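The structure appears right after this line, and notes come after that.
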Amino acid sequence: MLSRHAFVAVPLASLLLGGCLAKTAFDIATAPVRVASSAVDLATTSQSEADEKRGRELRRREERLGQLEREYSQQAERCARGSQNACRQAELARAEMDDLLPTIPVERAR
Numbered sequence: 594m595l596s597r598h599a600f601v602a603v604p605l606a607s608l609l610l611g612g613c614l615a616k617t618a619f620d621i622a623t624a625p626v627r628v629a630s631s632a633v634d635l636a637t638t639s640q641s642e643a644d645e646k647r648g649r650e651l652r653r654r655e656e657r658l659g660q661l662e663r664e665y666s667q668q669a670e671r672c673a674r675g676s677q678n679a680c681r682q683a684e685l686a687r688a689e690m691d692d693l694l695p696t697i698p699v700e701r702a703r
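Okay, here's the thing in structure tokens:
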């Protein structure tokens with residue numbers, strides 16, 4: 594036997610579940626659009642992201658140039674004292690510096 598509470602609970606539950614079912618149906622229907630939108634966001638690079646990437650690459654090259662300058666200076670001193678190996682190392686550092694310098698923009702005085 595069903596009590597009076599059951600007669601009230603069944604219609605109330607169907608109303609509440611109807612909202613859940615409608616939301617689930619909406620979520621399922623819009624899922625492909627959300628997935629496609631996410632894929633486009635992942636595939637494209639914003640201008641600010643591209644600028645940040647260029648900035649990181651420029652800083653990396655500047656750091657490498659600083660390392661090469663220090664290495665060149667040390668090897669040049671050793672070369673001046675007669676170390677042939679140091680002369681070769683200084684030449685290699687200088688060659689890499691010469692290759693790297695054109696890729697670093699020059700800041701102009703204002």
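In this text, residue positions in the sequence shown follow this note's numbering: the first is 594, and each later residue adds one.
Each residue gets a CB set at the ideal place from its N, CA and C atoms; glycine is no exception.
Quick caveat: nothing in here was measured; it's all calculated off a predicted structure.
> Do you know offhand how far D620's Cα is from V628's?
Replying inline: 12 Å
> Nearest CA to the CA of L661: which residue from E645, A683, E650 and C672?
Replying inline: A683
>> Between which two residues does the alpha helix (DSSP H) holding A673 run?
In response: Q640 to A673
> Hey, would you say R653 sits closer than 8 Å to I697, going by beta carbons?
Replying inline: no
>> Is the beta carbon of R657 closer than 8 Å to that of L694?
In response: no
> DSSP on I697, reduced to helix/strand/coil?
Replying inline: coil
> Relative to the alpha-carbon of A686, which residue among Q640, S639 and Q667 has its alpha-carbon at the smallest distance?
Replying inline: Q667
> Just the Cα atoms here: how many angstroms apart are T637 and A622?
Replying inline: 25 Å
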